[in-house]
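Notes for the one structure printed next.
Residue numbers (the working numbering), protein chains in the order written: chain A, 14 to 151; chain B, 5 to 257.
Here it is in structure tokens:
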């Protein structure tokens with residue numbers, strides 16, 4: 014059961030990281046529970062990603078911000094020293110044994126649309142251009 | 005309004021109740037609703053239902069005895085019962101250690117304890133979210149009453165080496181107690197407390213397909229804990245209040 018959840022989690026993680034240039038895995042530690050991934054999207058707002066995902070029927074979380082009712086970034090990611098540029102755009106996806114491959118495929122398909130739309134609106138275009146250049150994307 | 009698509013990828017927040025879990029719980033609301041403390045069979049049989057549930061949870065924790073298992077209402081209550089329970093049972097030590105990345109239910113309790121005069125050391129993590137364990141061991145001293153460390157982090161999923169931490173902490177100060185918040189580990193990785201030095205471990209049912217409103221706390225039989233809720237004799241005098249029979253029945257399928 015856990016293997017399947019882990020496979021789907023890894024598929025989602027790899028799918029997002031390979032399709033979105035301003036996505037970064039916040040922890041690549043090997044020793045993780047099989048259902049969780051936390052990904053930072055640089056230079057955009059996590060809450061906006063969540064609202065856009067909600068419109069598509071996808072429920073995810075930006076860590077502790079939603080429960081604390083404040084706009085403070087996650088104390089966990091702060092303690093890890095996640096750069097400021099990704100701290101506010103970090104999203105946690107957590108799967109369960111009910112998660113299906115179709116759901117993961119749909120999420121992988123929609124994430125670039127959502128992120129690219131928000132990235133285009135980001136006030137940090139100069140930094141984004143530098144990021145693309147660093148990654149060899151023209 | 006048409007039914008919106010629902011892709012639920014927030015299972016560290018809460019989970020869907022397993023249909024089979026619900027099925028087993030339902031009769032205890034309107035059919036077998038007796039008070040487990042009542043003398044007659046209609047109530048008494050619910051005492052047995054709780055006993056069976058406690059055995060199931062004992063196995064789930066990998067605990068030695070069902071006497072080490074207490075039902076609570078949530079992961080937050082488990083943490084409060086464990087941490088306050090230890091401090092109230094022995095007031096001779098005033099130093100506590102926890103991590104900077106604990107869940108709010110533990111972190112905010114420690115902030116409160118600081119206001120009440122306790123000294124708290126918060127241990128950091130590296131850029132991958134892994135705990136600086138050497139920093140933790142260096143912080144343990146003769147005044148350290150308790151170390152609490154989560155098993156898996158709710159935001160990153162990182163697993164902390166809690167068994168090793170408990171063992172090492174005890175080797176530095178055998179009287180220091182160790183509480184593990186296993187809310188995000190339960191149902192995802194196998195728990196096996198009995199051959200470890202972990203003194204207490206808390207879990208919450210709704211994180212792994214049981215309903216909201218039920219949790220559990222493991223307390224090693226050698227550990228003395230003061231009760232948080234005083235009243236009746238329920239839960240061996242450690243947590244007063246009429247037992248939540250249907251929920252206890254199905255914290256774990």
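All residues carry an ideal CB built from backbone N, CA and C; glycine is no exception. Computed from a prediction, not measured in an experiment: that's the story for all the values here.
Are residue 27(A) and residue 40(A) closer than 8 Å when you measure CB to CB?
Residue numbering aside, residue 27(A) sits at position 14 when the first chain is read from its first letter. Residue numbering aside, residue 40(A) sits at position 27 when the first chain is read from its first letter. Cβ distance not < 8 Å, so residue 27(A) and residue 40(A) don't count as in contact.
Roughly how many angstroms lie between the CA atoms of residue 91(A) and residue 100(A), to the nearest whole one?
The residue labelled residue 91(A) in the question sits at position 78 within the first chain. The residue labelled residue 100(A) in the question sits at position 87 within the first chain. Distance from the CA of residue 91(A) to the CA of residue 100(A), rounded to the nearest whole angstrom, comes to 7 Å.
Terminal residues of the continuous beta strand (DSSP E) containing residue 148(B)?
Taking the first residue of the second chain as 1, we reach residue 148(B) at position 144. Annotation for residue 148(B): the continuous beta strand (DSSP E) segment containing it runs 148-154.
Could you check where the beta strand (DSSP E) with residue 37(A) kicks off and where it finishes?
Translated into positions along the first chain, residue 37(A) becomes position 24. According to the DSSP assignment, residue 37(A) belongs to the beta strand (DSSP E) that extends over 36-38.
Range covered by the alpha helix (DSSP H) that runs through residue 88(A):
Residue mapping note: residue 88(A) aligns to position 75 of the first chain, counting from 1. From DSSP, the alpha helix (DSSP H) with residue 88(A) extends over 88-92.
Endpoints, the alpha helix (DSSP H) within which residue 119(A) is located:
Reading the first chain from its first residue, position 106 is the one you call residue 119(A). Run containing residue 119(A): 114-134, per the alpha helix (DSSP H) assignment.
Using the beta-carbon of each residue, which ones in chain B are nearer than 7 Å to residue 108(A)?
Within the first chain, the letter at position 95 stands for residue 108(A). Scanning chain B for C-beta atoms nearer than 7 Å to the C-beta of residue 108(A) yields 13, 15, reported in chain order.
Since residue 94(A) meets chain B, which of its residues come closer than 7 Å, beta carbon to beta carbon?
What you label residue 94(A) is simply residue 81 of the first chain in a count that begins at 1. In chain order: 131.
Cβ shell of residue 179(B) (< 7 Å), same chain only, five flanking positions each side left out
Translated into positions along the second chain, residue 179(B) becomes position 175. Hits under 7 Å: none found.
Where residue 148(A) falls, given that 16 or more other Cβ within 10 Å makes a residue buried
Within the first chain, numbered from 1, the residue matching residue 148(A) stands at position 135. Residue 148(A) should be labelled exposed.
Measuring CA to CA, which of 147(B), 73(B), 25(B), 109(B) is closest to residue 123(B)?
Walking along the second chain from the start, residue 123(B) turns up at place 119. Between residue 123(B) and the set 147(B), 73(B), 25(B), 109(B), the nearest pair of CA atoms involves 147(B).
Close-in-space but distant-in-sequence residues of the same chain around residue 186(B) (CB under 7 Å, 5 per side omitted)
Position 182 of the second chain, counted from the first residue, corresponds to residue 186(B). Cβ neighbours of residue 186(B) beyond the five flanking positions: 155, 195, 205, 206, 207.
Straight-line gap, residue 244(B) to residue 68(B) (C-alpha atoms, nearest Å)
For the purposes of this step, residue 244(B) is identified with residue 240 of the second chain, where counting begins at 1. For the purposes of this step, residue 68(B) is identified with residue 64 of the second chain, where counting begins at 1. Their backbone Cα atoms lie some 23 Å apart in a straight line.
Please specify which runs of the beta strand (DSSP E), each continuous and at least 3 residues long, are wholly inside the region 155-196 of chain B, giving them in chain order.
With a minimum length of 3 residues, the continuous beta strand (DSSP E) runs that stay inside the region 155-196 of chain B are 181-185.
Quick one: is residue 86(A) near chain B, going by C-beta distance under 8 Å?
In the first chain, counting from the first residue as 1, residue 86(A) sits at position 73. Judged by the 8 Å Cβ criterion, residue 86(A) is not in contact with chain B.
Between residue 90(A) and chain B, is the shortest Cβ-Cβ distance under 8 Å, so that the two count as touching?
Numbered from 1 along the first chain, position 77 holds the residue referred to as residue 90(A). Chain B, which has a Cβ nearer than 8 Å to the Cβ of residue 90(A), makes this yes.
How is residue 113(B) classed by DSSP in three states: helix, strand or coil?
Numbered from 1 along the second chain, position 109 holds the residue referred to as residue 113(B). Three-state DSSP puts residue 113(B) in a helix.
Assuming the contact rule is C-beta atoms closer than 8 Å, residue 93(A) and residue 230(B) should be a hit. Round their C-beta distance to whole Å, please.
On the first chain, position 80 is the one that residue 93(A) refers to. On the second chain, position 226 is the one that residue 230(B) refers to. With a contact defined as Cβ atoms closer than 8 Å, residue 93(A) and residue 230(B) miss out at about 35 Å.
Counting only Cβ-Cβ distances shorter than 7 Å, please list the residues of the region 97-111 of chain B near chain A, keeping chain order.
The residues in question are 104, 105, 108.
Looking at residue 73(A): is its Cβ nearer than 8 Å to the Cβ of residue 54(A)?
Translated into the one-based positions of the first chain, residue 73(A) becomes position 60. Translated into the one-based positions of the first chain, residue 54(A) becomes position 41. No; because the gap between Cβ atoms is not below 8 Å, this pair is not in contact.
Evaluate residue 56(A) with the Cβ neighbour count: other Cβ atoms within 10 Å of its Cβ, from every protein chain shown; 16 or more gives buried, anything less gives exposed.
Indexing the first chain from 1 puts residue 56(A) at position 43. Residue 56(A) is buried by the Cβ-count criterion.
Strictly under 8 Å for the Cβ-Cβ distance: is residue 173(B) near chain A by that measure?
Within the second chain, numbered from 1, the residue matching residue 173(B) stands at position 169. Chain A places no beta carbon closer than 8 Å to that of residue 173(B), leaving this residue out of the contacts.
Tell me the rounded alpha-carbon separation between residue 241(B) and residue 235(B).
As a first step, residue 241(B) is located in the second chain; it is residue number 237 there, counting from the start. As a first step, residue 235(B) is located in the second chain; it is residue number 231 there, counting from the start. Their Cα atoms are separated by approximately 8 Å.
How should residue 145(A) be labelled, buried or exposed, when 16 other C-beta atoms within 10 angstroms of its C-beta is the threshold for buried?
Residue 145(A) sits at position 132 when you count from the first residue of the first chain. In this structure residue 145(A) is exposed. Its beta-carbon is surrounded by fewer than 16 other beta-carbon atoms within 10 angstroms.
Name the residues in the region 20-46 of chain A whose C-beta lies less than 7 Å from a C-beta of chain B; which are they?
The region 20-46 of chain A vs chain B, Cβ under 7 Å: 39, 40, 41, 42, 44, 45, 46.
Who are the neighbours of residue 23(B) on chain A, taking C-beta pairs under 8 Å?
To locate residue 23(B), count along the second chain from 1; it is residue 19. Contact of residue 23(B) with chain A by beta-carbon distance below 8 Å is absent, the smallest such distance being about 11 Å.
Which class does residue 103(B) belong to by DSSP, given the choice of helix, strand or coil?
Taking the first residue of the second chain as 1, we reach residue 103(B) at position 99. In this structure, residue 103(B) counts as strand in the three-state DSSP scheme.
Keeping to the same chain, check which residues put their C-beta closer than 6 Å to that of residue 38(B); ignore five residues upstream and five downstream.
Within the second chain, the letter at position 34 stands for residue 38(B). Exclusion of the five residues before and after residue 38(B) leaves 46, 47, 50 as the residues of its chain whose Cβ lies within less than 6 Å of its Cβ.
Of the residues 193(B), 165(B), 110(B), the one placed nearest residue 136(B), counting alpha carbons only
On the second chain, position 132 is the one that residue 136(B) refers to. Comparing Cα positions, the closest option is 165(B).
Would you call residue 212(B) buried or exposed, if buried means 16 or more other Cβ atoms sit within 10 Å of its Cβ?
For the purposes of this step, residue 212(B) is identified with residue 208 of the second chain, where counting begins at 1. Counting Cβ neighbours within 10 Å, residue 212(B) comes out buried, since at least 16 surround it.
Where do the ends of the alpha helix (DSSP H) carrying residue 82(B) lie?
Here residue 82(B) refers to the residue found at position 78 of the second chain. Going by DSSP, residue 82(B) is part of the alpha helix (DSSP H) stretching over 79-93.
Look up residue 56(A) in the DSSP assignment and say whether it is helix, strand or coil.
Taking the first chain and counting its residues from 1, the one referred to as residue 56(A) is at position 43. Annotated three-state conformation of residue 56(A) is coil, per DSSP.
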